[in-house]
Structures are given as structure tokens and as C-alpha cells.
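Undergrad: Quick one: this structure, given as C-alpha cells, is what I'll be asking you about.
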Amino acid sequence: MSAPVTIILIVVVLLVLAAIVFGVRAARRRRLQQTFGPEYDRVVADTGNRTEAERELLERTKRHAELELRPLSPESRAKYAAAWEEVQIRFVDDPKEAVSTADELVTALITERGYPTGDYDERLANLSVEHAATLEHYRAAHDISRRSASGEAETEDLRQALVHYRALFADLLGENPVPASAVGSTTSATDSAPVTGSAPATDSAPATDAAPATDAAPATDPVSATDAAPTAPAPRRAADDTIGNDAPARTVADTEDTATEPGVARSRPDATSR
Numbered sequence: 000m001s002a003p004v005t006i007i008l009i010v011v012v013l014l015v016l017a018a019i020v021f022g023v024r025a026a027r028r029r030r031l032q033q034t035f036g037p038e039y040d041r042v043v044a045d046t047g048n049r050t051e052a053e054r055e056l057l058e059r060t061k062r063h064a065e066l067e068l069r070p071l072s073p074e075s076r077a078k079y080a081a082a083w084e085e086v087q088i089r090f091v092d093d094p095k096e097a098v099s100t101a102d103e104l105v106t107a108l109i110t111e112r113g114y115p116t117g118d119y120d121e122r123l124a125n126l127s128v129e130h131a132a133t134l135e136h137y138r139a140a141h142d143i144s145r146r147s148a149s150g151e152a153e154t155e156d157l158r159q160a161l162v163h164y165r166a167l168f169a170d171l172l173g174e175n176p177v178p179a180s181a182v183g184s185t186t187s188a189t190d191s192a193p194v195t196g197s198a199p200a201t202d203s204a205p206a207t208d209a210a211p212a213t214d215a216a217p218a219t220d221p222v223s224a225t226d227a228a229p230t231a232p233a234p235r236r237a238a239d240d241t242i243g244n245d246a247p248a249r250t251v252a253d254t255e256d257t258a259t260e261p262g263v264a265r266s267r268p269d270a271t272s273r
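Residue numbers (numbering that gives the first Met the number 0): 0 to 273.
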């Protein structure tokens with residue numbers, strides 16, 4: 000075999016090896032990005048080196064594989080779901096205590112799933128393998144909880160902390176962690192507490208405004224329909240309704256009074272036609 004041929008073969012082999020190495024690294028990078036999601040970019044930014052970041056993420060994967068994780072029983076899932084409902088209800092009266100209880104409840108759930116909970120950073124690293132999508136929620140909630148302990152968190156901050164805790168809590172519980180009705184009712188209560196300071200039930204009061212629409216429905220009483228449209232004082236409307244229901248026409252005094260009222264004046268042609 001001549002020297003040129005040998006050189007060509009060596010170059011080809013090196014190119015093939017380089018392609019294999021590049022392909023393996025690319026496949027590993029895609030796998031890590033799919034597994035860790037936004038956590039991948041965060042670790043790369045923190046380390047400042049993609050190779051070092053991927054090495055750290057691979058170490059997390061290995062440690063996670065050594066954990067003895069266990070699913071929750073239906074009884075445990077129901078117990079934690081009920082406990083979370085109590086936390087959300089408590090928020091209305093004591094937001095700070097509710098957030099503190101939420102942090103304790105999430106930590107207890109992490110422990111029951113089989114994760115070690117001794118060190119916060121280690122806890123984050125272990126959770127990042129299977130719960131990377133909600134890890135930022137946990138970071139944000141933990142930060143607000145820490146500021147709340149030192150009196151630096153406002154009520155709106157505490158509400159956001161509860162929302163962040165709930166994201167990881169639901170992720171750890173699994174499918175259908177909390178009944179939809181319970182989540183909707185308690186969430187509306189917690190959302191309205193810091194903003195309006197009143198019970199959500201007051202929001203339904205405007206529903207009574209629709210009552211005049213039913214009064215205008217009968218086609219046999221045009222005077223009542225026209226009188227219902229403008230905004231007039233309650234005593235005058237009561238009088239107009241009486242006129243609309245009885246045959247006698249209005250008196251001269253009534254005519255003079257209504258002539259001075261713009262809203263009622265528009266209904267005079269209907270009244271005279273009767």
C-alpha cells in the first residue's frame with residue numbers, strides 16, 4: 000500500500016471518528032435539553048461553559064437514578080389535595096401563614112415521594128430531572144417565602160408565592176391532583192383577597208339589573224316598555240306603571256310634571272295615543 004493511499008485512509012478514519020464523536024455529543028445535548036428544558040440553559044448560564052454544564056446535568060441524572068422514588072397511594076394523594084385546599088382557604092385570613100404552610104406541605108410531599116430534602120440546592124438538583132418544567136416556580140416561591148419571613152413581602156407577593164407552590168405541588172401529586180371545583184373556588188378567593196378585599200359573592204349583584212328586561216317584554220303594554228328605557232326616579236316609574244295598567248288617562252298635573260322631565264317627555268306620544 001502506497002503512502003498516499005495510507006494517508007487518505009487515515010484521514011477518512013479520523014473524519015469518521017470525528018463525525019461519530021460529534022453525533023454522540025449532539026445526541027447527548029438534545030437529550031439533556033429535552034430532559035431539563037429551561038434548566039439546561041440556566042445551568043449553562045451559571046457555569047459559563049456548555050461542556051461543564053452538560054457534565055453537571057449528567058451527574059444529576061446519575062444521582063437521580065440512584066434514588067428510590069415511589070408514587071403516592073390514592074389515599075395519600077387525597078390527603079395532600081385536601082391539605083392544599085385548606086392552605087388556599089387560609090390565605091384569605093392569613094396570607095403569610097398560608098405561604099409558610101404551603102412551603103412545609105411541599106417539602107413533606109417531596110419527602111414522601113422519596114427525594115432527600117436536607118439541602119435546598121440538592122433538592123433543586125434532584126427535582127430538576129423529572130420536574131424541570133415547574134422548578135422555576137419552586138425557586139420563585141422559595142424566594143418569596145424567604146422574604147416573607149423577614150417581613151419584606153407584600154400581600155400580592157404572597158399570592159404569587161402560593162401560585163408558584165401550587166405548580167410544583169400539582170406536578171408532584173400527578174394526574175388530577177386537586178378537584179377542579181375546589182381549585183376554582185379557592186383560587187378565586189385568594190385572587191380577590193388582596194385586590195378587592197371583599198367576598199367574591201358581591202360580583203354577582205349586577206345580575207339583578209336584568210329584571211327590567213322582563214317588564215318590557217309584553218307587547219300589550221307599550222307605555223311600560225317606553226317608560227322602562229330611560230333612567231327615572233323610582234316613584235315616577237311606579238306611577239307610570241299604574242298608568243300603563245289602568246285605563247284612565249293622566250291628569251293635567253301629571254302632564255305638566257312629565258313635560259319637565261326629558262326622559263318622560265319622549266314617552267308622551269305613547270301616553271296620549273292611549
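Backbone N, C-alpha and C fix where the C-beta goes; we use that ideal spot for every residue, glycine too.
To the nearest angstrom, how far is it from the Cα of D142 to the Cα of G22?
TA: Start at 1 with the first residue of the sequence shown, and residue 142 comes out as number 143. Start at 1 with the first residue of the sequence shown, and residue 22 comes out as number 23. Approximately 40 Å, taken between the alpha carbons.
Undergrad: Quick test of the definition: if touching needs 3 or more C-beta pairs under 8 Å, does the segment 55-69 touch the segment 154-164?
TA: No, because fewer than three Cβ pairs between the segment 55-69 and the segment 154-164 fall closer than 8 Å, the two stretches do not touch.
Undergrad: Helix, strand or coil for S149? Go by DSSP, reduced to three states.
TA: To locate residue 149, count along the sequence shown from 1; it is residue 150. Note: S149 maps to coil in three-state DSSP.
Undergrad: Which residues mark the beginning and the end of the alpha helix (DSSP H) in which R312 is found?
TA: The structure shown does not extend to residue 312, since the chain is modelled only from 0 through 273, so no value can be given for it.
Undergrad: L56 to A18, Cα distance in whole Å?
TA: Translated into the one-based positions of the sequence shown, residue 56 becomes position 57. Translated into the one-based positions of the sequence shown, residue 18 becomes position 19. So the two alpha carbons sit approximately 23 Å from each other.
Undergrad: Using only alpha-carbon positions, find the residue among L167, E153, L126 and A139 that is nearest to K61.
TA: Walking along the sequence shown from the start, residue 61 turns up at place 62. The option with the nearest alpha carbon to K61 is L126.
Undergrad: Taking only runs of the alpha helix (DSSP H) that begin and end inside the segment 30-84, which ones reach a length of at least 4 residues, in chain order?
TA: 37-46 and 49-64, all fully within the segment 30-84.
Undergrad: Quick one: Cα of A77 to Cα of A131, how far?
TA: Counting from one through the sequence shown, the residue named residue 77 turns up at place 78. Counting from one through the sequence shown, the residue named residue 131 turns up at place 132. Using only the alpha carbons, I get a separation of about 24 Å.
Undergrad: Below 8 Å on the Cβ atoms is my contact criterion, and I expect F168 with V105 to pass it. Report the Cβ-Cβ distance as a whole number of Å.
TA: Counting from 1 along the sequence shown, the entry for residue 168 is found at position 169. Counting from 1 along the sequence shown, the entry for residue 105 is found at position 106. F168 to V105, Cβ: 5 Å. Contact.
Undergrad: What is the residue span of the alpha helix (DSSP H) that T106 lies within?
TA: On the sequence shown, position 107 is the one that residue 106 refers to. Note, T106: alpha helix (DSSP H), P94 to R112.
Undergrad: Nearest-angstrom Cα distance between D275 and Y114?
TA: The shown model of the chain, from 0 to 273, leaves out residue 275, and the question about it has no answer.
Undergrad: Residues in the same chain with beta-carbon distance under 8 Å from T110, minus the five sequence neighbours each way, listed in chain order, please.
TA: Within the sequence shown, residue 110 is the residue found at index 111, counting from 1. The answer, listed in chain order, is T116.
Undergrad: Return the CA-CA distance between I88 and V162, expressed in angstroms with no decimal places.
TA: Here residue 88 corresponds to residue number 89 of the sequence shown, with the count starting at 1. Here residue 162 corresponds to residue number 163 of the sequence shown, with the count starting at 1. When rounded, the distance between both Cα atoms is 13 Å.
Undergrad: Distance check for L31 and I9, CA to CA, integer angstroms please.
TA: Within the sequence shown, residue 9 is the residue found at index 10, counting from 1. Within the sequence shown, residue 31 is the residue found at index 32, counting from 1. The straight-line gap from Cα to Cα measures roughly 33 Å.
Undergrad: Please state whether the Cβ-Cβ distance between E277 and L134 is less than 8 Å.
TA: What is shown of the chain runs 0 to 273, which leaves residue 277 out entirely.
Undergrad: How would you label D40, buried or exposed, when you count the other beta carbons within 10 angstroms and need 16 or more for buried?
TA: Taking the sequence shown and counting its residues from 1, the one referred to as residue 40 is at position 41. The residue in question, D40, is exposed, as its Cβ has fewer than 16 Cβ neighbours within 10 Å.
Undergrad: Among L16, Y164, P3 and A2, which one has its Cα closest to the Cα of T100?
TA: The residue labelled residue 100 in the question sits at position 101 within the sequence shown. The residue with the shortest Cα to Cα distance from T100 is Y164.
Undergrad: Based on Cα-Cα distance, which residue from Y137, S149, L108 and R145 lies nearest to S75?
TA: Working through the sequence shown from its first residue, we reach residue 75 at position 76. Per the Cα distances, L108.
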